[in-house]
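Chains as they are written, first to last, in the working numbering: chain A, 1 to 334; chain B, 1001 to 1199; chain C, 2001 to 2421. Just so it is clear, CB atoms sit at the ideal spot from N, CA and C, and this is done for glycine as well. Input: a single structure, listed below in structure tokens.
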Amino acid sequence: MTSIFILFLKIFVGLMLMALVVVLALLFDGVDRIFHARMQRRVGPPLLQPVYDIVKLMGKENIVPRRASRFFFMLAPWLALVVTAMIFLYIPVSSSRAVLGTEGDMILIVYLLAMGGVVMAVGGFASGNPIANIGAGREITLMMSYEFPLAIVISTLAWVAYKSGMPGSPFSLETFASGSVWRAVGEVGDVGLVCLFLSLAFVVPGETGKGPMDIPEAKTEILDGLIIEYSGVNLALLKVTFALRSFAISAFMTSLFVPVSLAGIVGTGGFFIAVFDFLFFWVKVFFVQMIFVTLMRTSFGRLKIGQASRLYVMKVAGLSVTGMILLSIDVMTR
Amino acid sequence: MTEKPEKSRERRGMSLADRLSVSRFAKTTTDCGTLSEGLRARFGERILGLEVREHKGGKGDEVQCRDLWVEVAPETFRPFLEELFTYDFVNFHVISGDDVGDHVVLNYHLSLFQRVRGGRIGVIVTVRLPKDALSLPSVFDLLPGSEYSERETREMFGVDFAGLPNKALVFLPEDWNEDIKPWRRDAAGPTPEVLRELS
Amino acid sequence: MATTYTIPVGPVHVGLKEPVTAWLELDGERIVSARVRPGAIHRGIEFMARERNPIQVIYLSERICGICSFSHVLCFIRAIEDLASLSVPVRAQYIRTLVLELERIHSHLLWAGVACYTIGFDSAFHLGMQMRERVMDVLELLSGNRVNYGVATFGGVRWDVTPELAKAVRETIRYYRREFAPFREIVMEDPVAQARMRNVGVLTRDDAVRYSATGPTARASGLRVDIRQSSPYEAYADIPVEPIVPQDYFDTARGDVLDRFAVRVLEVYQALDIMEKVLDGLPEGPFLAEPNLNKVLASLKKAEGTGWGIIEAPRGDDTHIVRLKGGEDNVCWWKVRAPTYANAVSWPVMFQGNELADAPLIINSIDPCISCMERMMVTDGSNAGIVTKEDLLKRCRQKTFDLKAGKFPGGFNGFKGETKR
């Protein structure tokens, strides 16, 4: 009886949370566009412009190209949206709890992020447009390049959590959100953690498809690439998905590396503290997103796919391996 | 102002490959008088017309540069151009032209000695092609930069360039009726039926 | 198994300013071969000129291109002055030079911004566009227009440089000396921009000579060619101009897109210096030889001959050839060769060995002005959907009447392929 009640509660809370994150992601997207414009000495669009765009697109018809594989073409945007929104069920949004914290862990989050990208690539391939094919090919190439450093970051952190005896399951994100990983290691380890943090920061533009890594959607090269054939509701869904991806990877990064919370400081729980932490979490995500998405995309032009791939496979992977080695030394010598 | 004989002989003995050597993009200039004398000595009566035009400018109102307007017969055109290459690698500008009744006149606009301050000589080579033999050897092998001009002249005037590898339309639409040559003033030109008055 | 496929870049493409098509044969991302097909915006301007007198053609030539409108005007006017042996007052020569250099700054800033936009560097694009506003303001102060200035005419110019304008130009020179350096550093020292532009779209020195490349495209390949130096015209006769080539500023000339960027950036500084010298040396005197247009027209009606005008436009050397026939009011024929016409021939060479991602940048790197290059008439037997100027004017007026009468169209009803006849 209780388990069924908890299941319904989780479904209800999960749906509420998904609705909330969609709204928040669009708002953050609006802020992102305003900040981006202000840094370029422009006025920029109104805050709610992404919402207006979505509402407008929802009223437009879906056009399916004649050569498209209709099923996959129509499925991809929905699937991409759902898997991206699902990420938030596994991220501890309040002080330490995620809605489905017990059912999944960091590896699942990484998979969901990857799946969002793969699904969009499938949609691009299914559209039958050669330019979308190029975009989808670039998306897959980019993904294969940044997954390696990302995997090193995740596994090293889990190993550190396991070895240093942080309370909780080593692969669970709640472990990192409740007890700071920075406190778990010594000085050498801190340097290693900074390396991992920077590696993850490099992965963020790749995951979001913005900043110097907007290669699969490069509009001045391949005319928005893999979403070239999408219109109407499908395009609206994809736009929400893009906003959610930036938001999700920022939230992921926040829970891993910025576990500052009131509950952690006061040391006790409580309803008001939990509410405050819930709100404070989004503030943290906001700053992370502004720095690692908006600032990055304002400051740099776009790389070519070969250059981006080399950057991830050689330099960022090297950085993350360095972090791994430093952390290993730190943990082993304690 | 006549050229020294040994220089002239050296020029005569130059192979086409030597003339086309890009490193010969001259750093020095020959003045317009010497150039026209040299060309006269080489081609004599085959030069049908030769005019030097001066351009003045600045506060001193001094001559700043000169243009050489030359007319040759169609069969002299190619040797004439190759002779120009012995002075400097020719810079190609454009082919202009007009339909003058029974002939189509083409003007090749070329430049020599671009490296030197005030040294550039613009050379305009005029060729009159009779309408029953609208053909000229292509200069594409000497000057690949002439490709668009030759293709344009072909589509606008109907002049055939022997040796031009790509004779496709360049500016006219894909579905253009190639029998209509827009710049011709005779029956081959655009008739009022296909013309649309815009203003 | 190597399979290639063909992708069109253009005719309508986000990364291109104007319509041109490059059919790229790709192996993955690598360009195997390229075929360029212009022809999408051919307007027949040369054909139109046959029914206009020389003064009308001045304003027609201004509309060849919005960016280098003064270059085309001046080039056409110089061609007419060449054939009719008109002389130009020295003050007018200096004013022409001033406007040419203002236009060069305008064009180069626009190009630099668009190049940044093409590589996804939007911040630099907006910065460049914002800086361009200043020079457009000065041009508006001089002529009343942001583009298509209507400054030059036969035997002089139509607007004088007043002391106020001279002051504004000097302030603008100071503004650019101050503000342009950050932009240059932002782009040229940015690692991403360097990665995108270095060794991309290479045109070697030899190919630049063979393909008769002109202007910054040729100079970036290391050729010291500049019409302002090799056959000085207007005030350049008094103000020596040294062609800007990368080997003088960097170790070597590579002929890639970054070199073209550098050459254009350095030419902005050069233009500022030239403008300063023009203002310092601006002679007193008349700025128009013959203000009565009817007299000018009458003298041109008697003139007979072919004239060649050639000047260094911002994108390379611009060539106009005009023929007038004695006793005829109208221009007999007119040939325009914009710089892009010459530089576009070397596109296929530049494409070799590059990637699809480089293609729009390479096309943009010669600062193409497709409208300049193509000038065709709209003549076609079938033309379903071409709307003439009268139609547009009629519809435009009708719409105003409708609006005044309270009738709102209620959405775009489109041109349903109606033709005039």
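Which of the three DSSP states, helix, strand or coil, is assigned to residue i?
| i | result |
| --- | --- |
| B/Tyr1108 | strand |
| C/Thr2379 | Because C/Thr2379 sits at a pLDDT of 42, beneath the cut-off of 50, its placement in the model cannot be relied upon, and the point is left open. |
| A/Val83 | helix |
| C/Lys2335 | strand |
| C/Pro2409 | With a pLDDT of 38 at C/Pro2409, under the threshold of 50, the predicted position of this residue should be treated as unreliable, though the coordinate-derived value follows. The answer is coil: DSSP assigns C/Pro2409 none of H, G, I, E or B. |
| C/Leu2203 | coil |
| A/Arg66 | coil |
| B/Ala1168 | coil |
| C/Leu2223 | coil |
| C/Ala2152 | strand |
| B/Phe1161 | strand |
| A/Leu303 | coil |
| A/Thr298 | helix |
| B/Val1063 | strand |
| B/Thr1002 | Low confidence applies here, because B/Thr1002 scores a pLDDT of 45, under 50, leaving its location unreliable and the question unanswered by this model. |
| C/Lys2101 | The question names Lys, but residue 2101 of chain C is Glu in the sequence shown. Helix, per DSSP. |
| C/Val2322 | strand |
| C/Pro2348 | helix |
| A/Val258 | coil |
| A/Gly14 | helix |
| A/Gly186 | coil |
| C/Leu2288 | strand |
| A/Ile6 | helix |
List the residues of chain B that residue i touches, going by C-beta distances under 9 Å, in chain order.
| i | result |
| --- | --- |
| C/Pro2240 | Arg1117 |
Give the residues of chain B in contact with residue i, contact being defined as C-beta atoms less than 8 Å apart.
| i | result |
| --- | --- |
| C/Arg2323 | Asp1098 |
Across which residues does DSSP place residue i in a beta bridge pair?
| i | result |
| --- | --- |
| B/Leu1068 | B/Val1052 and B/Val1123 |
| B/His1103 | B/Val1100 and B/Pro1130 |
| C/Asp2317 | C/Glu2312 |
| B/Asn1091 | B/Ser1111 |
| B/Ile1047 | B/Val1072 |
| C/Ile2007 | C/Leu2024 |
| B/Asp1135 | According to the sequence provided, residue 1135 of chain B is Ser. The question's Asp does not apply to it. B/Ser1135 pairs with B/Asp1160. |
| B/Glu1037 | Answer is none; B/Glu1037 lacks a bridge partner. |
| C/Val2437 | It is not possible to answer for residue 2437 of chain C, since the shown part of chain C is limited to 2001 through 2421. |
For residue i, which of the options has the nearest alpha-carbon?
| i | options | result |
| --- | --- | --- |
| C/Arg2237 | B/Leu1081, B/Arg1151, B/Val1063 and B/Pro1182 | Residue identity check: residue 2237 of chain C is Ala in the sequence provided, not Arg. C/Ala2237 has its Cα closest to that of B/Val1063, out of B/Leu1081, B/Arg1151, B/Val1063 and B/Pro1182. |
| A/Val21 | A/Phe242, A/Ser172, A/Gly123 and A/Ile305 | A/Phe242 |
| C/Pro2348 | C/Leu2026, C/Thr2214 and C/Arg2035 | C/Arg2035 |
| C/Gly2281 | C/Phe2261, C/Phe2250 and C/Ala2235 | C/Ala2235 |
| A/Met296 | C/Val2209, C/Cys2068, C/Gly2120 and C/Arg2184 | C/Gly2120 |
| C/Ser1982 | C/Phe2261, C/Ile2045 and C/Ala2168 | The structure shown does not extend to residue 1982 of chain C, since chain C spans only 2001 to 2421, so no value can be given for it. |
| B/Lys1181 | B/Thr1153, B/Gly1101 and B/Ser1146 | B/Thr1153 |
| C/Arg2210 | B/Tyr1087, B/Pro1165, B/Gly1145 and B/Leu1048 | B/Gly1145 |
| B/Arg1042 | B/Leu1068, B/Thr1030 and B/Leu1084 | B/Leu1084 |
| C/Pro2240 | C/Val2020, C/Gln2270, C/Trp2111 and C/Ser2085 | C/Gln2270 |
| A/Met253 | A/Leu47, A/Leu198, A/Leu89 and A/Phe8 | A/Leu198 |
| C/Phe2261 | C/Val2200, C/Ser2231 and C/Glu2018 | C/Val2200 |
| C/His2106 | C/Leu2203, C/Ile2186, C/Met2131 and C/Leu2086 | C/Met2131 |
Starting from the beta carbon of residue i, find every residue of chain C whose beta carbon is closer than 8 Å, and list them in chain order.
| i | result |
| --- | --- |
| B/Pro1165 | The contacting residues do not exist; B/Pro1165 stays about 12 Å from chain C at best. |
| B/Arg1053 | Asp2082 |
Tell me the residue span of the beta strand (DSSP E) that contains residue i.
| i | result |
| --- | --- |
| C/Trp2023 | Thr2021 to Asp2027 |
| C/Ile2031 | Arg2030 to Arg2037 |
How is the alpha helix (DSSP H) around residue i delimited, first residue to last?
| i | result |
| --- | --- |
| C/Pro2182 | Pro2163 to Met2188 |
| A/Pro130 | Pro130 to Lys163 |
| A/Gly323 | Ala317 to Met332 |
Chain A partners of residue i, CB-CB under 9 Å?
| i | result |
| --- | --- |
| C/Arg2196 | Gly301, Arg302, Leu303, Lys304 and Gln307 |
| C/Pro2360 | Thr220 and Glu221 |
Quick one: which chain A residues come within Cβ less than 8 Å of residue i?
| i | result |
| --- | --- |
| C/Val2192 | Pro212, Phe300, Gly301, Arg302 and Leu303 |
| C/Phe2121 | Phe300, Gly301 and Arg302 |
| C/Leu2356 | Ile134, Glu221 and Ile222 |
Can you name the residues of chain A whose CB is closer than 7 Å to the CB of residue i?
| i | result |
| --- | --- |
| C/Thr2118 | Thr220 |
Counting only Cβ pairs nearer than 7 Å, list the residues of chain B close to residue i.
| i | result |
| --- | --- |
| C/Lys2335 | Val1094 and Ser1096 |
Determine the chain C residues that contact residue i at a beta-carbon separation under 9 Å, and present them in chain order.
| i | result |
| --- | --- |
| B/His1109 | Trp2308, Ile2310, Thr2319, Ile2321, Lys2335 and Arg2337 |
Which chain C residues sit within Cβ distance under 7 Å of residue i?
| i | result |
| --- | --- |
| B/Asp1067 | Trp2308 |
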